[in-house]
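Visitor:
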Amino acid sequence: YVLESTFDSNYGLRGAAIRSRDCRAEIGENFVVIEDSTIQNHFSFSAGAVFSEDTTTEHIYTTFDNNIAYRIGGAVYTRGLTYLHSFGSTYKYNYGLYGGGLALMGRTAAISTATISWNWAFRDGGGVLLESMASVTFTSCTISGKLPPIPPPRQTPRTKTTKTLSLSLTLL
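Counting in the working numbering, the sequence shown runs from 8 upward without gaps.
Listed below in structure tokens is the structure:
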């Protein structure tokens, strides 16, 4: 149980702030509750802040801010038989290649009165990536944001020469 705590600026392979995994033969007895806490400024390969696998995880009035995952789940990544319940939490300014705010690949998720904003993914799921989910419910949530500014087109000089590159596919 994590209560009224701050996790700041940690680095790790999976879940820079917290990694939870149920390794027992019977799944479902591992509970992780994070309440009234701040988890910020983390960097990880997967799950910038929190990685949950085969656990029951609750985020209650917790803020996930400015976390980065090189691959998946900027703030949170769930996988396997994970059940995620999030109530009144905020996921903001997080980044991941897939699932900028949350990457939910677990069994079930129930997210209510959450704010998921200003997250960014280079590929899929800027706010939330849902994949292989048995069930997910969003109730009274705010999911918002804005695209990053697009740079103006580059001006090309009139004397620029163009080269062609030929590509081919060869099967051996």
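Idealized CB from N, CA, C, for every residue including glycine.
Aspartate 72 bridges to which residues according to DSSP?
Guide: Gln47, Lys99
Visitor: Going by DSSP, name the residue or residues bridged to threonine 115.
Guide: Answer is Tyr90, Ser142, bridged to threonine 115.
Visitor: So for alanine 121, helix, strand or coil by DSSP?
Guide: coil
Visitor: Who are the near neighbours of aspartate 29 in its chain, counting only those whose CB is closer than 6 Å to its CB and skipping five residues on each side?
Guide: Around aspartate 29, the same chain offers Asn37, Asp61, Thr62 as residues with beta carbons nearer than 6 Å, after the five sequence neighbours per side are excluded.
Visitor: If the criterion is Cβ atoms closer than 9 Å, does the pair valine 40 and phenylalanine 58 meet it?
Guide: Inclusion of valine 40 and phenylalanine 58 in the CB contact set at 9 Å is not warranted, their separation being larger than that value.
Visitor: With burial defined as no fewer than 16 other Cβ atoms inside 10 Å of the residue's Cβ, what is the status of tyrosine 98: buried or exposed?
Guide: Counting other Cβ atoms within 10 Å of its Cβ, tyrosine 98 reaches 16 or more and is therefore classed as buried.
Visitor: Please say whether phenylalanine 14 and histidine 49 have beta carbons closer to each other than 9 Å?
Guide: yes
Visitor: Between the beta-carbon of tyrosine 102 and the beta-carbon of asparagine 126, is there less than 9 Å?
Guide: yes
Visitor: Give the straight-line distance between the Cα atoms of histidine 92 and alanine 116, rounded to the nearest whole angstrom.
Guide: 6 Å
Visitor: By DSSP, does serine 12 sit in helix, in strand, or in coil?
Guide: coil
Visitor: If you count every other CB in all the chains shown that lies within 10 Å of the CB of leucine 20, and 16 or more means buried, which is it?
Guide: exposed
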